[in-house]
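Right, one structure below, let's go through it.
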Amino acid sequence: MLEIKKIGPVNMRAIEEYDIFAVEFEELRKKLDKLLEEKEYILKTIAEIETRRTEKFTETMEEIKKNFSQIYKDMTGGYSTIRLEEENNIDSGLLIEASPEGKRIVDLDAMSGGEKTVTSLAFLFAIMQHYSSPFYILDEVDAALDKANTRKIVNLVKKYSKHVQFIVISHNDIMTSSADRVFGVTMEEGNSKIFGIEMPK
Numbered sequence: 036m037l038e039i040k041k042i043g044p045v046n047m048r049a050i051e052e053y054d055i056f057a058v059e060f061e062e063l064r065k066k067l068d069k070l071l072e073e074k075e076y077i078l079k080t081i082a083e084i085e086t087r088r089t090e091k092f093t094e095t096m097e098e099i100k101k102n103f104s105q106i107y108k109d110m111t112g113g114y115s116t117i118r119l120e121e122e123n124n125i126d127s128g129l130l131i132e133a134s135p136e137g138k139r140i141v142d143l144d145a146m147s148g149g150e151k152t153v154t155s156l157a158f159l160f161a162i163m164q165h166y167s168s169p170f171y172i173l174d175e176v177d178a179a180l181d182k183a184n185t186r187k188i189v190n191l192v193k194k195y196s197k198h199v200q201f202i203v204i205s206h207n208d209i210m211t212s213s214a215d216r217v218f219g220v221t222m223e224e225g226n227s228k229i230f231g232i233e234m235p236k
């Protein structure tokens, strides 16, 4: 009897309150199950997208890598490649490495101005082979090049100009003499004048 008194008065609405809380609990449980189901679907979708993204990136990179290697070899007789800074991490940076014929392999940062230009243009044209644009603008890309390397760039532009147009800004006579049309800018009485020349075929 003493133990019962210690319990205190009995809540006569306990069963009713339990039923109310049980209903609320069941509703919350259903909401949780729904959220967990949606979370699983979202995570699965993200994983599928990530897989497709990785596959597409890898496929694109391999094609550009192959193009780059061939173009660079045609231009310099040397070896070139591209690779990820962190293997299997497509969000890491891209390293461009090359070695002109007879030289050791170095990355882009360690090259001379001329080597950097030739390598960068080979890479640009490799991308162009994969994703073509109707025209390209090259602004004084030959500024750091000697005559031999300028001729390599001229030949490259000529080869690809069969399919796309190039607007090349240059002060180099080797580059301008190989163009189909040349436009010049002169200054007359403080005003810029543009003239055009159709180059002989």
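Counting the sequence shown from 1 gives a position; the working numbering is that position plus 35.
Even glycine gets a Cβ: it sits at the ideal position worked out from N, Cα and C.
Note that the coordinates shown come from a computational prediction; the quantities given were computed from them, not determined experimentally.
Local conformation of residue i per DSSP, three classes
{"i": "glutamate 51", "result": "helix"}
{"i": "glycine 231", "result": "strand"}
{"i": "valine 217", "result": "strand"}
{"i": "serine 168", "result": "coil"}
{"i": "lysine 197", "result": "coil"}
{"i": "aspartate 68", "result": "helix"}
{"i": "leucine 159", "result": "helix"}
{"i": "alanine 179", "result": "coil"}
{"i": "serine 147", "result": "coil"}
Sheet register partners of residue i (DSSP bridge)
{"i": "aspartate 174", "result": "Ile204"}
{"i": "methionine 222", "result": "Ser227"}
Supposed contact pair residue j and residue i - C-beta distance, whole angstroms, cut 8 Å
{"i": "methionine 210", "j": "valine 203", "result": "6 Å"}
{"i": "threonine 116", "j": "lysine 100", "result": "6 Å"}
{"i": "serine 134", "j": "glycine 113", "result": "5 Å"}
{"i": "lysine 187", "j": "methionine 234", "result": "The pair is not a contact, with the Cβ atoms about 20 Å apart (cut-off 8 Å)."}
{"i": "valine 189", "j": "serine 155", "result": "Wrong, their Cβ atoms sit about 16 Å apart, outside the cutoff."}
{"i": "phenylalanine 103", "j": "alanine 161", "result": "4 Å"}
is_contact[residue i, chain D] using C-beta, thresh 9 Å
{"i": "valine 203", "result": "In the displayed structure, chain D is absent; only one protein chain is listed."}
Could you tell me whether the stretch 194-203 touches the stretch 224-232, using the rule of 3 or more Cβ pairs below 8 Å?
Fewer than three beta-carbon pairs drawn from the stretch 194-203 and the stretch 224-232 are found closer than 8 Å, and the two stretches are therefore not classed as touching.
Please give me, in chain order, every unbroken run of the beta strand (DSSP E) with length at least 3 that falls completely inside the stretch 73-145.
You should have 114-119, 129-134.
The stretch 68-81 in contact with the stretch 128-145 per 3-pair CB rule at 8 Å:
No contact exists between the stretch 68-81 and the stretch 128-145.
Would you check if the stretch 143-152 and the stretch 162-174 touch, i.e. whether three or more CB-CB distances between them fall below 8 Å?
Pairwise C-beta distances place the stretch 162-174 out of contact with the stretch 143-152, as fewer than three of them are shorter than 8 Å.
Are the stretch 133-146 and the stretch 171-180 touching, with three or more C-beta to C-beta distances below 8 Å?
Three or more Cβ pairs closer than 8 Å define a contact, and the stretch 133-146 falls short of that threshold against the stretch 171-180.
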